[in-house]
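**Student:** Shown below is the structure under consideration.
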Amino acid sequence: MKLPGEANEDYAEFFRNKIRERVNDPLVAEMLVPKGHMFGSKRLPCESGYYEVYNQDNVLLVDVREAPIERITPTGIKTKDAEYDLDVIVFATGFDAVTGSLSRLDIRGEGGQTLKDKFANGPRTFMGVQSAGFPNLFTINQASVGNFVRAAEPLVDWITEAMGFVRDNNFQRISATPEAEEAWTQHVAEAGAKILRSQADSWYVGANIPGKARGLLTAPDTAPVMRAKRNEVAAKGYEGFLLQ
Numbered sequence: 000m001k002l003p004g005e006a007n008e009d010y011a012e013f014f015r016n017k018i019r020e021r022v023n024d025p026l027v028a029e030m031l032v033p034k035g036h037m038f039g040s041k042r043l044p045c046e047s048g049y050y051e052v053y054n055q056d057n058v059l060l061v062d063v064r065e066a067p068i069e070r071i072t073p074t075g076i077k078t079k080d081a082e083y084d085l086d087v088i089v090f091a092t093g094f095d096a097v098t099g100s101l102s103r104l105d106i107r108g109e110g111g112q113t114l115k116d117k118f119a120n121g122p123r124t125f126m127g128v129q130s131a132g133f134p135n136l137f138t139i140n141q142a143s144v145g146n147f148v149r150a151a152e153p154l155v156d157w158i159t160e161a162m163g164f165v166r167d168n169n170f171q172r173i174s175a176t177p178e179a180e181e182a183w184t185q186h187v188a189e190a191g192a193k194i195l196r197s198q199a200d201s202w203y204v205g206a207n208i209p210g211k212a213r214g215l216l217t218a219p220d221t222a223p224v225m226r227a228k229r230n231e232v233a234a235k236g237y238e239g240f241l242l243q
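For what it's worth, numbering that gives the first Met the number 0 labels the leading residue of the sequence shown as 0, then goes sequentially.
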């Protein structure tokens, strides 16, 4: 029986060989194949024809890890090894995933606490939908729930039903309890340490943002499991939430 790392390497090499078959230049192919991390621990390009683009005569791939960019020039970009004349430069330098957009909004909860400060050491939520001390603030596909489109629609439906429950029962506020938040944050840390998404320096753990706390930014559970957990909470009268 193969160990998990060995099985992962077998699959990774299968994937690398598929890229090598599609890219004509072996040197270019080797720059494109994923290596240096567990396969699946970084997001893969879900594509159609992406790798074939590198076979075009008008496309040049430069590995900036081997030849770092030194500066932008009046006519293009200069790397350690060469200078390239360009008409247009498109900056694609990564993004502050999951918590970044919330932190920039200057959202303030009870006592004036900001969500940015609350998340300074990593997201603290209950099931990713609410953070204690921020009543009536629901977050969709954020902070330890995941930022995947396939998770958005059922999450919106769940929040809509929760809002209806609050209204129909004459409550004014709904807020995650500190206890539920602590339990969920611990679950994300413990279960998340065992999955592929936390095994590499990627945006999944905030590694692409200098100074950002490292930790899994998405739920460690599958989408069906998350839906089941939310439905169970709702069936128990929104257990884990304070209704006032």
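Ideal placement from N, C-alpha and C gives every residue a C-beta, glycine not left out.
Bear in mind that the values here come from a model prediction, so they are computed numbers and not experimental data.
To which residues does DSSP link GLY246 through a beta bridge?
**Tutor:** Here the chain comprises residues numbered 0 to 243, so residue 246 is not present and cannot be evaluated.
**Student:** Straight-line CA distance for ARG42 to ASP116?
**Tutor:** 28 Å
**Student:** Report yes if the CB atom of ALA234 is closer than 8 Å to the CB atom of THR176, and no otherwise.
**Tutor:** no
**Student:** Take ALA188 as the anchor and find which of ALA161, VAL204, ASP84, LYS228 has the nearest alpha-carbon.
**Tutor:** VAL204
**Student:** Roughly how many angstroms lie between the CA atoms of ILE281 and GLY163, to the nearest whole one?
**Tutor:** In this structure the chain extends from 0 to 243, so residue 281 is not present and cannot be described.
**Student:** Expressed to the nearest angstrom, what Euclidean distance is found between the alpha-carbon atoms of ASP86 and GLU178?
**Tutor:** 55 Å
**Student:** Could you check the C-alpha separation between ASN168 and VAL232 for me, to the nearest Å?
**Tutor:** If I take the Cα positions, the gap works out to 17 Å.
**Student:** Closer than 7 Å by C-beta to ARG70: which residues in its own chain qualify, once you throw out the five before and the five after it? Chain order, please.
**Tutor:** LYS77
**Student:** Could you give the distance in angstroms between the alpha-carbon of ALA192 and the alpha-carbon of LEU59?
**Tutor:** 38 Å
**Student:** For LYS211, is the classification buried or exposed, using 16 other Cβ atoms within 10 angstroms of its Cβ as the cut-off for buried?
**Tutor:** Per the 10 Å Cβ criterion, buried.
**Student:** Note down the Cα distance separating THR184 from GLU82, rounded to an integer number of angstroms.
**Tutor:** Rounded to whole angstroms, THR184 to GLU82 spans 48 Å at the Cα level.
**Student:** To the nearest angstrom, how far is the alpha carbon of ASP200 from that of ASP9?
**Tutor:** 21 Å
**Student:** Who are VAL174's beta bridge partners in DSSP?
**Tutor:** Sequence check: residue 174 is Ser here, not Val. Answer is LEU241.
**Student:** Using 8 Å as the Cβ pair cut-off and three pairs as the minimum, do the region 208 to 228 and the region 50 to 67 touch?
**Tutor:** no
**Student:** Per DSSP, GLN129 is paired with what?
**Tutor:** PHE125
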